[in-house]
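Asker: My questions all concern the structure below.
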Amino acid sequence: MTLAERARRVIPGGVNSGQRSIPGFTDLVIARTRGSRFWDQHGREFTDYHAAFGPAVLGHNDPDVAAATAEAGTTLALAGVGVTEAEVALAEELTALVPSLEKVLLTSTGSEATFHALRVARAATGRDLVVKFQGCYHGWHDAVSLNVISAPERVGTKDPTSTGILAPVLDATLVLPFNDPEAVRRVFAEHGRDIAAVILEPVPHNVGALLPTDTFLRTLREECTKAGTVLVFDEVITGFRHGLGGYQEICGITPDLTTLGKAIANGAPIGALGGRADLMDLFSTRPGGPAFFAGTYNGHPQVVAAALATLRKLREEPVHEHIYRLGARARDGLAALYRELDVPAVVTGFGSVFVTYFMDGPAPLTYDDLLANDAARFIGVRRALTDHGIFELPLNLKRSHVSYAHTDDDIDRLLEATAKAVRT
Ligand code: PMP
17 MTLAERARRV
27 IPGGVNSGQR
37 SIPGFTDLVI
47 ARTRGSRFWD
57 QHGREFTDYH
67 AAFGPAVLGH
77 NDPDVAAATA
87 EAGTTLALAG
97 VGVTEAEVAL
107 AEELTALVPS
117 LEKVLLTSTG
127 SEATFHALRV
137 ARAATGRDLV
147 VKFQGCYHGW
157 HDAVSLNVIS
167 APERVGTKDP
177 TSTGILAPVL
187 DATLVLPFND
197 PEAVRRVFAE
207 HGRDIAAVIL
217 EPVPHNVGAL
227 LPTDTFLRTL
237 REECTKAGTV
247 LVFDEVITGF
257 RHGLGGYQEI
267 CGITPDLTTL
277 GKAIANGAPI
287 GALGGRADLM
297 DLFSTRPGGP
307 AFFAGTYNGH
317 PQVVAAALAT
327 LRKLREEPVH
337 EHIYRLGARA
347 RDGLAALYRE
357 LDVPAVVTGF
367 GSVFVTYFMD
377 GPAPLTYDDL
387 LANDAARFIG
397 VRRALTDHGI
407 FELPLNLKRS
417 HVSYAHTDDD
427 IDRLLEATAK
437 AVRT
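Take the position in the sequence shown, starting the count at 1, then add 16; the result is the number in this note's numbering.
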């Protein structure tokens, strides 16, 4: 029996995230990762642009992060009783770097961070409705994972018996098109007084990359401020990948709450929720209060050490300069290649993130625009790339990333391999 077959016997779908293997890759077993590479069970080497959905901004198994992690040990702080100096240092660093963060709490995953963001927004406003956007993903919990891509509609019902945030949170979610300020104004005109939170990925990377317009982001900020609604930027992907201050620093719009994850600790399991002190302080009330917050592994010493080592490197070394430059090389090179081959393609992305949609331009702004993408070609090219030792996730609309460990040679090889893959 192969390892993958053994996995399917004991792990639903054979994988621990996503509940299914990718068609055509049901036998992929990752044996080892390092820098920009991974190796499968047969010793085949891949240059990795999937990067486990992106956390390893420095590259897999960065030696400095690994050393700091090993040194930290696994003894947990006394949850509810004390913190460690490292936790305080990390909170100080996060609040100093990310504009909207006055106070911050650590979680173990991004999903927990977005879940708690919505709970505290509901506790603070006494309202139930949440507005999210087509194409955005915010984690696995019921409150927002539904209708990632659905048409605008109200999902679920408000629970009339709900008295507080600890009651089961039923979905009361409005899903709007991204980049549509008119839709935002309309929904606030109709439901404004019921909307607890608006949550968005400032750049929806879960469908590749939809770049937000200034008007859209400014309208969100204005409408939320007017209605007393909590604006949540989900920067689980964009935070620390696009810059030390997240995308909020780049776009100049300050949300009320921010969720972070992935790149903070270069792959160690971490999430964070931070923002306005008055909102975050709702978490400090006693258990059973409006926004009880807990987690056995929050502030885990190895994870905190990994985060501090990652942030140190992001601050002290030209990481962003490098990954922005290679990201731009990938985008420009791919765009030139597709022009040369006369293949209709829009190559877009931001910083270290790139994605090619097989459609005519201009760059897509909404999820609906992405319906024009030729999914079969998208997946086909990526499948063919694996024959040339390049791994970009062969699932429709998935983005690719470069890390600090990627080199100019890697980008040359990506371009050469893509030229071959497109011709097959
Ligand atoms: N928000 C965004 C924008 C994400 O991309 C993800 C994960 N892909 C999450 C939240 C959830 O994070 P996690 O998988 O760590 O729970």
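A virtual CB, placed ideally from N, CA and C, is assigned to each residue, including glycine.
Looking only at its own chain, which residues have a Cβ that is under 7 Å from the Cβ of S419, when we skip the five neighbours before and after it?
Answerer: S52, A67, A72, V73, L74, G75 and I339
Asker: May I have the straight-line CA-CA distance separating Q150 from E206, to the nearest angstrom?
Answerer: 19 Å
Asker: With distances taken between CB atoms, is the gap from A323 to L106 smaller than 8 Å?
Answerer: yes
Asker: Rounding to the nearest angstrom, what Cα-Cα distance links R209 and R143 in this structure?
Answerer: The alpha-carbon atoms of R209 and R143 are separated by roughly 8 Å.
Asker: Whole angstroms are fine: how far does the CA of K242 sit from the CA of P193?
Answerer: 21 Å
Asker: Between I10 and R345, what straight-line distance do the alpha-carbon atoms span, to the nearest angstrom?
Answerer: Since the first and last residues shown for the chain are 17 and 440, residue 10 lies out of range.
Asker: What residue from N77, R398 and V252 has the CA that sits closest to A433's CA?
Answerer: R398
Asker: Mind checking whether T63 and I395 have CB atoms under 8 Å apart?
Answerer: No, the pair does not count as a contact, with Cβ atoms beyond the cut-off.
Asker: Contact defined as beta carbons within less than 8 Å: I believe V359 pairs with R347. What is the distance between those atoms, to the nearest angstrom?
Answerer: Not confirmed; about 15 Å, so no contact.
Asker: Compute the Euclidean distance between the alpha carbons of G40 and V248, then round it to the nearest angstrom.
Answerer: 37 Å
Asker: Quick one, which of W55, A139 and P285 has its alpha-carbon nearest T85's?
Answerer: P285
Asker: Going by C-alpha to C-alpha distance, which of G89, L44, K119 and M17 sits closest to L276?
Answerer: K119
Asker: Based on DSSP bridge pairs, tell me the residues matched to I102.
Answerer: Checking the sequence, you will find Ala at residue 102 rather than Ile. None, per the DSSP bridge assignment.
Asker: What's the C-alpha gap between F204 and K278?
Answerer: 32 Å
Asker: Cβ atoms of Y263 and T270: under 8 Å apart, would you say?
Answerer: no
Asker: Can you tell me whether E61 is helix, strand or coil according to DSSP?
Answerer: strand
Asker: Is R257 close to chain C, meaning its C-beta is less than 8 Å from at least one C-beta of that chain?
Answerer: The structure shown contains no chain C; it is built from a single protein chain.
Asker: Can you tell me whether I215 is buried or exposed? The criterion is at least 16 other CB atoms within 10 Å of its CB, across all chains shown.
Answerer: buried
Asker: Residues in the same chain with beta-carbon distance under 8 Å from T100, minus the five sequence neighbours each way, listed in chain order, please.
Answerer: A93, G315, P317 and V320
Asker: Can you give me the C-alpha to C-alpha distance between L430 and A437, rounded to a whole angstrom?
Answerer: 10 Å
Asker: Using CA coordinates, which residue listed in A352, G126, A281 and H258 is at the minimum distance from R341?
Answerer: It is H258 whose Cα lies nearest to the Cα of R341.
Asker: Should G155 be counted as a contact of ligand 1 given a C-beta to heavy atom distance under 7 Å?
Answerer: yes
Asker: On the criterion of 16 or more Cβ atoms from any shown chain inside 10 Å, does D376 qualify as buried, or is it exposed?
Answerer: exposed
Asker: DSSP state of G29, grouped into three classes?
Answerer: helix
Asker: Can you give me the C-alpha to C-alpha distance between T229 and T235, rounded to a whole angstrom?
Answerer: Distance between the alpha carbons of T229 and T235 is about 10 Å.
Asker: Whole angstroms is fine: what's the gap from L387's alpha carbon to V223's?
Answerer: 11 Å
Asker: Taking the alpha helix (DSSP H) that A199 belongs to, which residues open and close that run?
Answerer: P197 to H207
Asker: By Cβ distance below 6 Å, which residues in the same chain neighbour A391 in space, the five residues on each side in sequence not counted?
Answerer: Taken in chain order, the residues that qualify are N412.
Asker: For A47, is the classification buried or exposed, using 16 other Cβ atoms within 10 angstroms of its Cβ as the cut-off for buried?
Answerer: exposed
Asker: Compute the Euclidean distance between the alpha carbons of G261 and F299, then round it to the nearest angstrom.
Answerer: 24 Å
Asker: With distances taken Cα to Cα, identify the nearest neighbour of S127 among L409, A310 and H154.
Answerer: Put simply, of L409, A310 and H154 the residue whose alpha carbon is nearest the alpha carbon of S127 is H154.
Asker: Distance check for A351 and R439, CA to CA, integer angstroms please.
Answerer: When rounded, the separation of the alpha-carbon atoms in R439 and A351 is 15 Å.
Asker: Quick one: does the C-beta of D210 sit closer than 7 Å to a heavy atom of ligand 1?
Answerer: With a cut-off of 7 Å, the C-beta of D210 is classified as distant from ligand 1, since no heavy atom of the ligand falls inside that distance.
Asker: Enumerate in chain order the residues of its own chain whose CB-to-CB distance from I280 is below 6 Å, with the five nearest sequence positions on each side excluded.
Answerer: F256, I286 and A323
Asker: Please say whether A293 and T123 have beta carbons closer to each other than 8 Å?
Answerer: no
Asker: Below 8 Å between beta carbons: does that hold for T42 and G30?
Answerer: yes
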